[in-house]
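**Q** First, the structure itself, so that you have it in front of you.
Numbering (the numbering used here), first residue to last: -2 to 148.
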């Protein structure tokens, strides 16, 4: 189903972004790209509600076993990636780069200066936080679209 393919593309892109952040310690995509991926995954949710209907199709589901595993990892994994930075304060404050210096500021006042490595690490954590909802919504859409009757 096209919704499942679109969800799988979003999940795959986000997985590459997440793994790259862990491996390299720096963000793979610019900030606006993270927002775009999240908006796309949010748009998949109402599309799934509009394009699927009726009851559950347990006789002819479009979910092979591997796709259930993908959805089972994407939903809680995405929720964790979103909640972890919020609960631990990893990305509290505003992080910026100016004149070759990296700083964390709150309410317009610089709280502390950061090394370039620490700044990149924080930006990668922020990117993981943004990919969290995108993965969770795409995983939910992937699962939902596979078990609902098509209109």
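Virtual Cβ for every residue (Gly too), placed ideally from N, Cα, C.
With contact counted as at least three CB pairs below 8 Å, one residue from each stretch, are the segment 65 to 77 and the segment 112 to 127 in contact?
**A** With contact defined as three or more Cβ pairs closer than 8 Å, the segment 65 to 77 and the segment 112 to 127 are not in contact.
**Q** Counting only the same chain and skipping the five closest in sequence on each side, list residues whose C-beta sits under 8 Å from that of residue 41.
**A** 0, 3, 4, 7, 134, 135 and 138
**Q** Could you name the residues that DSSP lists as bridge partners for residue 117?
**A** Partner(s): none; residue 117 has no beta bridge.
**Q** So residue 112 and residue 99 are supposed to be a Cβ contact under 8 Å. How far apart are they, rounded?
**A** That belief holds up - the Cβ atoms of residue 112 and residue 99 are roughly 7 Å apart, short of 8 Å.
**Q** Taking the C-alpha atoms as reference points, what is the distance between residue 148 and residue 43?
**A** Note that residue 148 scores a pLDDT of 48, beneath 50, so its modelled location is shaky and nothing firm can be said.
**Q** Please state whether the Cβ-Cβ distance between residue 142 and residue 49 is less than 8 Å.
**A** In this structure, residue 142 sits near residue 49, with a CB-CB distance shorter than 8 Å.
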